[in-house]
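Letter 379 of the sequence shown, counting from 1, is numbered 1130 in our numbering, and no numbers are missing.
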Amino acid sequence: MEIEMDIPSHCRQNEFQIRSQEDLQDLSNCEILIGNLIIQDFDYPIITFNNLEKILGNLTIKKSPEIVRIEAPLMELISGSFSMFELTSLALISFPALKWVNILDWKILPILSNVHFNNEIQGIESITISDTSLTGFSGFLADTIDNLDINNNRFLDTIESNVEVIRGKLHIGANANDAKVSLPKLKQINRVSISNVERLNLDELESVDDSLSLTNNYFQQIKFPKLSYVGGSLSLSGNEMVNDLEFPNLSELGGGLVLTNNSLVERVNFLPKLRIIGGALELVGAIKEISLKNLKLCKGSASVKSTSPVFDCAKWSRSEIILVVRGGKIECTDANNEKITSRTKDDGGELITNSTLDVEYHENKSNFAVLTTELSFIKFFTILMFSFAII
């Protein structure tokens, strides 16, 4: 990016503070500004940059409830951030020639519904759009960005981007209830948090460095056909309409696996290649079947709470789960609220007394895991001693 040197001195300073039309008029003949332009407590409904083409710095417009419209017909470049905060009357911004901006940070623009931008803006590294009345988001050209955060835009029903790598977070939540999110080229990301979405397309996603959380969504399908690694936890919670889940290639979680209150998910059989859970396993819901056939290691504890009358806690507690959990006890609570608790070998294999079934880990000569139940014997011994006492 070239910085033009023959710029008038009044168009070059560290910071331009604008609070009135008169302040803005002082810059009316500037085509290029070098420095940060800050507009605050502006006392007029319209801001117009008639001649300004480039800002080599940041543009910040904030705390100006009088502003209704912002226009910059010739503006091509903002080398830093374009930030707008607390503009409660702003309804329209028009930057039809804008081709380059580094950061978009828009918050608390509750009636902003019209944005006129060039369809091919470049240079973008971070986007935050929060609390607006926008209905769609698209039109930015970037293969790699730091963050994409779109939240609390109550009419926003379309979110589209061709970004391939997000180095920081993807956060989408509390937008329109029928929001459709499509990032069809996204392959790598650090952290994902998505909620209140009706349709989701992340089909090319291969790895998540930190956590992946899908909470309180409205979609019926969750499909990650290429995802193989999540460095943190995988959390799917409160997705009451989802009944089709596919994670065919996910093999390792650096954190826990949390599946809670997804009302229509009855079978946990959609992780056929999962080998390692780096944290705890927590499953809550109307679960009828749990199949994690390739799971070799769960570093945390394991907890299952099923409301389905057909799920057999005793059978599951005797399954291969006892061999892979290394982080403490294993708990299973059935539809009758009866709990089975056991401890793994690494946790001492101690017997834990509870109201239904006591399960202990032993190891026979062939090093196979054996589970023993002692409740029936205890009952028999108690009855026998009581009989002798009567005699």
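Note that the Cβ used here is the ideal one computed from N, Cα and C, for glycine as well.
| Check | Outcome |
| --- | --- |
| Nearest candidate by alpha-carbon position, reference residue 796, set 814, 1089, 783 | 814 |
| Distance CB(residue 905)-CB(residue 933) smaller than 9 Å | no |
| Backbone secondary structure at residue 1081 - three-state DSSP | strand |
| Cα-Cα separation, residue 1123 to residue 1084 | Annotation note: pLDDT 35 at residue 1123 (below 50); position unreliable, no value reported. |
| Exposure of residue 890, with buried meaning 16 or more beta-carbon neighbours within 10 Å | exposed |
| Rounded straight-line distance, which links the Cα of residue 1031 to that of residue 897 | 29 Å |
| For residue 1012 and residue 973, the rounded distance between their alpha carbons | 15 Å |
| C-alpha gap between residue 872 and residue 1034, whole angstroms | 44 Å |
| Those residues which DSSP pairs with residue 856 across a bridge | 834, 879 |
| Opposing strand residues paired with residue 966 [DSSP bridges] | 946, 988 |
| Bridge partner(s) assigned by DSSP for residue 763 | 785 |
| Residue 1094 to residue 956 span [Cα, whole Å] | 37 Å |
| Burial state of residue 771 (16 or more Cβ within 10 Å) | exposed |
| Residue 995: first and last residue of the uninterrupted alpha helix (DSSP H) it sits in | First-last for residue 995: 995-997, but that is the beta strand (DSSP E), not the alpha helix (DSSP H). |
| CA-to-CA distance, residue 1068 to residue 1077, given in whole angstroms | 14 Å |
| Local Cβ density within 10 Å of residue 1082, reported as buried at 16 or more and exposed below that | buried |
| Helix, strand or coil at residue 1132 [DSSP, three-state] | In this prediction, residue 1132 has a pLDDT of 39, which is less than 50 and means its spatial position is unreliable; what the coordinates show is noted afterwards. DSSP places residue 1132 in helix when its eight states are reduced to three. |
| Assigned exposure category for residue 760 - 16 Cβ within 10 Å defines buried | exposed |
| Top-ranked residue by Cα proximity to residue 841, from 941, 820, 899 | 820 |
| Residues near residue 1027 by beta carbon distance below 7 Å, same chain, minus five either side | 1003, 1004, 1047, 1048 |
| C-alpha distance - residue 993 paired with residue 769, whole-angstrom precision | 51 Å |
| Buried versus exposed, by CB contacts within 10 Å (16 or more), residue 895 | exposed |
| Simplified DSSP assignment, three categories, for residue 1065 | helix |
| Residue 1063 versus 1087, 942, 800, residue with shortest Cα-Cα distance | 1087 |
| Reduced DSSP secondary structure (H/G/I, E/B, other) of residue 771 | coil |
| Residue 1103 in three-state terms, based on DSSP | Only weak support exists for where residue 1103 lies, its pLDDT of 46 falling under 50; the value from the coordinates is given anyway. The answer is coil: DSSP assigns residue 1103 none of H, G, I, E or B. |
| With 16 other Cβ atoms within 10 Å as the buried cut-off, status of residue 943 | buried |
| First and last residue of the uninterrupted beta strand (DSSP E) at residue 901 | 898-902 |
| Whole-angstrom distance between residue 848 and residue 801, CA atom to CA atom | 12 Å |
| Enclosing beta strand (DSSP E) for residue 1035 [first to last residue] | 1032-1036 |
| Whole-angstrom distance between residue 812 and residue 827, CA atom to CA atom | 18 Å |
| Secondary structure of residue 1072, DSSP reduced to three states | helix |
| CB-CB length for residue 807 against residue 835, believed under 8 Å | Residue 807 to residue 835, Cβ: 19 Å. No contact. |
| Close Cβ partners of residue 985 (< 6 Å) along its chain, the five nearest in sequence each way excluded | 963, 1004, 1008 |
| Residues of its chain near residue 766, where Cβ-Cβ distance is below 7 Å and the 5 sequence neighbours each way are ignored | 786, 787, 789 |
| Cβ separation of residue 950 and residue 931, assumed to be a contact under 8 Å, to the nearest whole Å | 4 Å |
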